[in-house]
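Here is the structure we will look at.
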Amino acid sequence: MKRNLLLTVLLSAVVALTASLAVVHNNGKKDTTYRYAGADSAMPVHNVNISGEFPDFTYAAESCVKAVVYVKVIKRSEVPEGPSSLFEYFFGFGGMTPREQVGSGSGVIITHDGYIVTNNHVVAGATEVEVTVGDDKTFKAEVVGTDPATDVALLKIDAEGLPVIPVGDSDALRLGEWVLAIGSPYGLTSTITAGIVSAKGRSMPNYTGEFKIESFIQTDAAVNPGNSGGALVNIKGELVGINTMIVSQTGSYAGYSFAVPVNIVKKITEDLIDYGSVQRAVLGVVMRSNSEDLKEEMKLSTSKGVYIDEVAKGSAAQEAGMEKGDVLVAIDGNEVSGASSVQEIINRYRPGDRIEMTVVRGDKTMTLKATLIGKETQDLNAYNMQDKVIVFGAELVPAPRQELEKLGLKNGVKVASVSKGKMKDDGVRAGFIITHINDTPVTSPQDVAVSVKKARRSIVVEGLYPDGTLQFYAIGL
31 MKRNLLLTVL LSAVVALTAS LAVVHNNGKK DTTYRYAGAD SAMPVHNVNI SGEFPDFTYA
91 AESCVKAVVY VKVIKRSEVP EGPSSLFEYF FGFGGMTPRE QVGSGSGVII THDGYIVTNN
151 HVVAGATEVE VTVGDDKTFK AEVVGTDPAT DVALLKIDAE GLPVIPVGDS DALRLGEWVL
211 AIGSPYGLTS TITAGIVSAK GRSMPNYTGE FKIESFIQTD AAVNPGNSGG ALVNIKGELV
271 GINTMIVSQT GSYAGYSFAV PVNIVKKITE DLIDYGSVQR AVLGVVMRSN SEDLKEEMKL
331 STSKGVYIDE VAKGSAAQEA GMEKGDVLVA IDGNEVSGAS SVQEIINRYR PGDRIEMTVV
391 RGDKTMTLKA TLIGKETQDL NAYNMQDKVI VFGAELVPAP RQELEKLGLK NGVKVASVSK
451 GKMKDDGVRA GFIITHINDT PVTSPQDVAV SVKKARRSIV VEGLYPDGTL QFYAIGL
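Start counting the sequence shown at 31; every next residue gets the next number (the numbering used here).
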């Protein structure tokens, strides 16, 4: 009896020891797999890997921080002096006082030979730009090009062997993924903050009416003034975005920060390096994000994609056969979740590129093939009325050869007629031969329209009347 009792006690001890060792062994593992399922047995079961350690940011931080630079911007201007005497007060002979404004931001080195990407708003209006790299060397920087539509700018410094950040894939970012923001907030260079991807494809209200490409990555990584133009990187140390803005009532970080996706930045910078300007393609539609409410309102067969409200005349979309009321659900196999995602996808292409669009029309799904055109070509359609080019109320036609020869001109565009508009308001009369817009020669009505679209504040129209009178007109935009 005692012997049996002793065996039972020993056996129980062995079992207990084995169980304890198993628990210790399992608790010592860094990765544990948990199976979660709802109370309803019909719910799917998900396997979730949970790391026993907090994500390690050290590699991404240490490998990327030296490729993020401090950008100093100097803006010089002159402002009128106040009158120093009653004579100057009444007759306005006061002088001009030079004024210098200094701002700062961040930038990211993208090539070993000195190309640096930053935000357009960081360098806009700059008289002089200086870049300080990780080893505290300062260089004068040239602004290679800017793109206000995406708030991207490209700088160049005369240097070699610079550190760069490998470019990642912003499309592959997942909600909740850890990211680091690196920049120089308030002039504090090489500052690193961490957060997660809060949302993708965010767009901001555009109150200015300017053409914008907005499909921001939203994060909760702390970003403050001075971070603009800095890097957003993933844990692998890959560049996934350029930090550009915050939403705050105080002007300081309040939990929301936004970055331009690197897939957009890559295309913009390549265009600026290769072509000197952004080769922007447009589809030519007015659209709005689809939803269950819109599906019910418009009696649609899907709530996905974007609803096409309007198709521009002569656009790539019209040539492809797209119609008002269509629902665009995918481009080249990439599903579109809203208007901002369509902009982001189209912005990766150049004029002349071909795309395939998946469109739902009624109950049918079809594939349309489009050849994209450039934004300037699309803009001309706004002027093109019944095969006539109309600019500010003036109908423009190619100048007849005999009229050009009589005036001793090699090129020019004739004003055939003038109706209500800025041309008439500034005194332009029919018969005027336009030779230059902002000192750039024009040879066709389309040249005039494109030059007007490129101008920002005003244009100077130069030309001659049939009697040989040279005339200049300054027209505000």
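In this text, a Cβ means the ideal position worked out from N, Cα and C, and glycines have one as well.
I'd like the span of the alpha helix (DSSP H) that includes residue i, first residue to last.
| i | result |
| --- | --- |
| Y89 | T88 to C94 |
| L302 | V292 to D304 |
| E190 | No alpha helix (DSSP H) holds E190; DSSP gives it neither H nor E. |
| D477 | P475 to K484 |
| S536 | Since the displayed the chain opens at 31 and closes at 507, residue 536 lies outside it and no answer follows. |
| L437 | R431 to L437 |
| A347 | A346 to A350 |
| E322 | E322 to M328 |
| H151 | N150 to V153 |
| K452 | K452 to D455 |
Does the beta-carbon distance from residue i to residue j come in below 8 Å?
| i | j | result |
| --- | --- | --- |
| P291 | G267 | no |
| V197 | L313 | no |
| K444 | V427 | yes |
| G260 | A189 | no |
| V98 | V147 | no |
| I222 | L203 | no |
| I195 | V295 | no |
| A460 | V448 | yes |
| L184 | G175 | yes |
| E522 | K167 | Past the edges of the chain, shown from 31 to 507, lies residue 522, and the structure says nothing about it. |
| Y216 | N273 | no |
| G30 | D250 | It is not possible to answer for residue 30, since the shown part of the chain is limited to 31 through 507. |
| S371 | S245 | yes |
| A446 | E433 | no |
| I338 | L324 | no |
| G492 | T465 | For clarity, residue 492 is Glu in the given sequence; the question names Gly instead. Yes, the Cβ-Cβ distance between E492 and T465 is below 8 Å. |
| D393 | S321 | no |
| P193 | I139 | yes |
Can you name the start and end residues of the beta strand (DSSP E) that residue i belongs to?
| i | result |
| --- | --- |
| Q501 | L500 to G506 |
| V357 | V357 to I361 |
| A171 | T168 to D177 |
| E425 | A424 to P428 |
| Q248 | F246 to T249 |
| K230 | T221 to R232 |
| K399 | K394 to T401 |
| Y283 | Here Y283 belongs to no beta strand (DSSP E), and DSSP marks it neither H nor E. |
| V390 | R384 to R391 |
| S278 | First-last for S278: undefined, no H or E at that position. |
| H466 | I463 to I467 |
| I489 | S488 to L494 |
| L262 | A261 to N264 |
| V315 | V315 to S319 |
| I195 | Run containing I195: none; DSSP gives neither H nor E here. |
Can you tell me the Cβ-Cβ gap for residue i and residue j, rounded? I've got them flagged as a contact below 8 Å.
| i | j | result |
| --- | --- | --- |
| R391 | D356 | 5 Å |
| Q248 | F288 | 6 Å |
| V103 | I212 | Actually they do not touch by this definition, with Cβ atoms about 19 Å apart. |
| V101 | G155 | 14 Å between Cβ atoms; not a contact. |
| A369 | M317 | 5 Å |
| G442 | F422 | Wrong, their Cβ atoms sit about 17 Å apart, outside the cutoff. |
| N150 | P178 | 5 Å |
| K399 | A346 | Not confirmed; about 10 Å, so no contact. |
| L402 | I375 | Incorrect: roughly 11 Å between the Cβ atoms, too far for contact. |
| V152 | S307 | About 19 Å separates the two Cβ atoms, so there is no contact after all. |
Excluding five sequence neighbours on each side, which residues of the same chain lie with their C-beta closer than 7 Å to the C-beta of residue i?
| i | result |
| --- | --- |
| L500 | L494 |
| R378 | N293 and K297 |
| S367 | G231 |
| V53 | Caution is warranted here: a pLDDT of 44 is assigned to V53, below 50, making its placement in the model unreliable, and the coordinate value is therefore given only provisionally. Nothing meets the Cβ criterion. |
| F87 | L210, A224 and I265 |
| T157 | I104, K105 and R106 |
| E340 | V315, V316 and K354 |
| T470 | S481 |
For residue i, collect the residues of the same chain with a Cβ closer than 6 Å to its Cβ; drop the 5 residues on either side in sequence, then sort them by chain order.
| i | result |
| --- | --- |
| E130 | R106 |
| G404 | P381 |
| S214 | Y100, S136 and G256 |
| G239 | Any reading at G239 must be qualified, since the residue scores a pLDDT of 48, below 50, and its modelled position is unreliable; no value is offered. |
| E172 | K186 |
| I463 | A429, G442, K444, G493 and L494 |
| A90 | L210, V263, I265 and G267 |
| S233 | E244 and S370 |
In chain order, what residues of the same chain lie with their CB nearer than 8 Å to the CB of residue i, ignoring the 5 residues before and after it?
| i | result |
| --- | --- |
| D417 | For D417, the pLDDT reaches just 43, beneath the cut-off of 50, and the residue's location in the model is therefore unreliable, although a value from the coordinates is still provided. Closer than 8 Å at Cβ, skipping near neighbours: no residue. |
| G438 | none |
| A218 | Reading off the sequence shown, one finds Leu at residue 218, where the question assumed Ala. Excluding positions up to five away in sequence, the list reads G256. |
| F502 | V490, V491 and E492 |
| V472 | N441, G442, V443, I464, T465, H466, V478 and S481 |
| T141 | L192 and V194 |
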